[in-house]
Amino acid sequence: MNLNTILDAHCHPTDTPGDLHIIPELSLGKIIIMGTRPMDQGYVSEIAEKYPEKVIPSFGIHPWFSYLIYDPNELTQSDESTIKAEHYKKILSPEPPGDFIRELPQPISITTLSEIISQLVVKHPSALIGEIGLDKPFRLPVGPYDARSSLPQGPLSPHYVRMEHQIKVFEFQLRLASKYQRTVSVHSVQTYTYIYDVLSKLWDGHWIPSKSQLRKYKPGEFESIREGRKQNYPPRICFHSYSGSGQQISLFSAHKVPSEFYYSFSTGINSRYKKMDETIRSAPDDKILPESDHHSASTLDKLVVESVSAIAKAKSWSEEDTMSILSKNCSSFLM
Ligand SMILES: [Zn+2]
Numbered sequence: 047m048n049l050n051t052i053l054d055a056h057c058h059p060t061d062t063p064g065d066l067h068i069i070p071e072l073s074l075g076k077i078i079i080m081g082t083r084p085m086d087q088g089y090v091s092e093i094a095e096k097y098p099e100k101v102i103p104s105f106g107i108h109p110w111f112s113y114l115i116y117d118p119n120e121l122t123q124s125d126e127s128t129i130k131a132e133h134y135k136k137i138l139s140p141e142p143p144g145d146f147i148r149e150l151p152q153p154i155s156i157t158t159l160s161e162i163i164s165q166l167v168v169k170h171p172s173a174l175i176g177e178i179g180l181d182k183p184f185r186l187p188v189g190p191y192d193a194r195s196s197l198p199q200g201p202l203s204p205h206y207v208r209m210e211h212q213i214k215v216f217e218f219q220l221r222l223a224s225k226y227q228r229t230v231s232v233h234s235v236q237t238y239t240y241i242y243d244v245l246s247k248l249w250d251g252h253w254i255p256s257k258s259q260l261r262k263y264k265p266g267e268f269e270s271i272r273e274g275r276k277q278n279y280p281p282r283i284c285f286h287s288y289s290g291s292g293q294q295i296s297l298f299s300a301h302k303v304p305s306e307f308y309y310s311f312s313t314g315i316n317s318r319y320k321k322m323d324e325t326i327r328s329a330p331d332d333k334i335l336p337e338s339d340h341h342s343a344s345t346l347d348k349l350v351v352e353s354v355s356a357i358a359k360a361k362s363w364s365e366e367d368t369m370s371i372l373s374k375n376c377s378s379f380l381m
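Take a look at the structure:
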């Protein structure tokens with residue numbers, strides 16, 4: 047399989063710094079490396095500068111790390127140490143005891159986050175926003191909280207991050223993606239309905255009219271109206287390791303939705319679902335992408351090959367057809 051026109055639409059190789067030197071030798075044409083926490087945005091930026099021919103960076107706060115972001119407007123305290131306790135008591139459920147809070151990192155304000163991400167996307171014109179999203183069953187692990195890996199460290203605590211807080215951090219980043227007109231990579235676990243609701247707020251007033259209504263516009267008229275409004279929503283959104291239903295795909299990929307949706311599939315995550323083949327089959331042919339979702343550069347080629355094969359099998363496409371369809375999808379995704 048020749049991978050040089052193929053993209054790894056979603057991966058985390060900065061979690062394993064010892065393997066990053068492999069990136070220039072990868073067979074894959076390009077890899078999109080996700081940021082997940084305040085700590086790793088700089089690592090992603092650095093590696094994109096080092097290997098610009100292979101790496102497309104993506105900056106954002108993953109829902110597993112939304113607890114690290116506080117909104118100063120929601121707190122009564124303004125002192126660093128008291129902010130921390132007030133913030134964690136407010137956003138975690140059940141409310142954690144003092145000794146649990148003491149071990150947690152000092153959170154950063156949402157305005158600082160905005161400055162960090164804005165600076166990075168301006169510096170990297172091809173950058174995406176991600177990995178951002180919502181995760182309903184997620185519970186905070188007990189740590190350590192300073193590990194290089196973005197995977198949950200230690201056993202899980204009973205504390206959930208309240209959905210209102212996850213939505214706040216997610217929506218804030220969607221608005222940054224809209225402002226800078228960047229593609230978004232989204233993580234969703236049992237939250238596709240919430241995600242549709244949050245995005246609907248951004249799409250409100252900008253829905254695409256029906257085909258018969260569109261015919262009433264002069265040639266080019268609607269396109270120019272659309273052009274003037276596009277900074278209200280992200281141009282393109284990819285659900286990574288998509289695990290929703292086929293019905294939800296028809297909602298997101300509906301004609302009236304102004305953002306364009308892609309669906310990427312990894313064998314690591316998606317093969318855990320019994321319905322993987324059925325889910326891949328329900329994704330539009332021209333909107334499917336392969337991904338590894340992996341945490342080391344050493345296995346990205348191998349895992350993307352597996353993803354490509356799983357897509358070929360589910361869609362009953364020959365290897366040749368699969369490669370030609372996915373190559374086309376990868377290049378339109380990056381436009
Ligand atoms: Zn990921």
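Just so you know, the sequence shown maps onto residues 47 to 381 in our numbering.
Cβ atoms here follow ideal geometry from the backbone N, Cα and C, with glycine treated the same way.
Item, Value
"Does the beta-carbon distance from Asp-339 to His-67 come in below 9 Å?", "no"
"Helix, strand or coil: which one does DSSP assign to Gly-75?", "coil"
"Could you give the first and the last residue of the continuous alpha helix (DSSP H) run that contains Val-235?", "Here Val-235 belongs to no alpha helix (DSSP H); instead the beta strand (DSSP E) covers 230-235."
"Counting pairs of Cβ atoms below 8 Å between the region 183-190 and the region 74-86, do you hit three or more?", "no"
"Let's test the definition: count the other Cβ atoms within 10 Å of the Cβ of Ser-89 and tell me whether it reaches 16, buried, or not, exposed.", "According to the sequence as given, residue 89 is Tyr; it is not Ser. Per the 10 Å Cβ criterion, buried."
"Any heavy atom of ligand 1 within a distance shorter than 8 Å of the CB on Met-406?", "Any answer about residue 406 is impossible in this case: the structure gives the chain only from 47 up to 381."
"What did DSSP end up calling Leu-372 once you bin it into helix, strand or coil?", "helix"
"Under a three-way DSSP split, which group does Leu-260 fall into?", "helix"
"Using DSSP with H/G/I as helix, E/B as strand and the rest coil, what is Tyr-206?", "strand"
"Within the same chain, show all residues whose beta-carbon is closer than 7 Å to that of Pro-198, passing over the 5 residues directly before and after it, in chain order.", "Trp-110, Pro-187"
"Just verifying my parser: in three-state terms, what is the DSSP assignment at Met-322?", "helix"
"Please confirm whether any heavy atom of ligand 1 lies closer than 8 Å to the CB of Asp-181.", "no"
"Does the distance from the C-beta atom of Ile-147 to that of Lys-136 stay below 9 Å?", "no"
"Are there three or more Cβ pairs, one per stretch, closer than 8 Å when the region 258-276 is compared with the region 306-316?", "no"
"Would you list, in sequence order, the uninterrupted alpha helix (DSSP H) runs of no fewer than 4 residues that lie entirely inside the region 110-189?", "126-137, 144-149, 156-169"
"Run the proximity test for Asp-339: is its beta-carbon closer than 8 Å to any non-hydrogen atom belonging to ligand 1?", "yes"
"Would you give the residue range spanned by the beta strand (DSSP E) that Val-101 belongs to?", "101-105"
"What's the C-alpha gap between Phe-218 and Ser-370?", "36 Å"
"Ser-258 to Lys-264, Cα distance in whole Å?", "13 Å"
"With 16 as the cutoff for other CB atoms within 10 Å, does Pro-70 come out buried or exposed?", "exposed"
"Taking DSSP's pairing of strands, which residues face Phe-311 in a bridge?", "Pro-336"
"For the alpha helix (DSSP H) that Leu-53 lies in, which residues bound it at each end?", "Note, Leu-53: premise wrong, no alpha helix (DSSP H); beta strand (DSSP E) at 53-57."
"CB Asp-323 to CB Lys-359, shorter than 9 Å?", "yes"
"Could you have a look at Ile-283 and say whether DSSP puts it in helix, strand or coil?", "strand"
"Any heavy atom of ligand 1 within a distance shorter than 8 Å of the CB on Leu-287?", "Residue identity differs from the one stated: residue 287 is Ser in this sequence, not Leu. Answer for Ser-287: yes, Cβ within range of ligand 1."
"Between the Cα of Glu-210 and those of Leu-138, Gln-294, Thr-122, Pro-336, spot the shortest distance and give me the residue it belongs to.", "Leu-138"
"Taking the straight line between their C-alpha atoms, what separation do you get for Met-381 and Ala-173?", "12 Å"
"By how many angstroms is the C-alpha of Tyr-240 removed from the C-alpha of Gln-212?", "10 Å"
"Under 8 Å by Cβ, that's how I've got Phe-379 and Leu-53 pegged, so tell me the actual separation to the nearest angstrom.", "7 Å"
"Give the DSSP bridge partners of Met-47, in chain order.", "DSSP output for Met-47 lists no bridge partner at all."
"Would you list the one or two residues that DSSP bridges to Met-80?", "Ser-104"
"Taking the straight line between their C-alpha atoms, what separation do you get for Pro-201 and Gly-189?", "8 Å"
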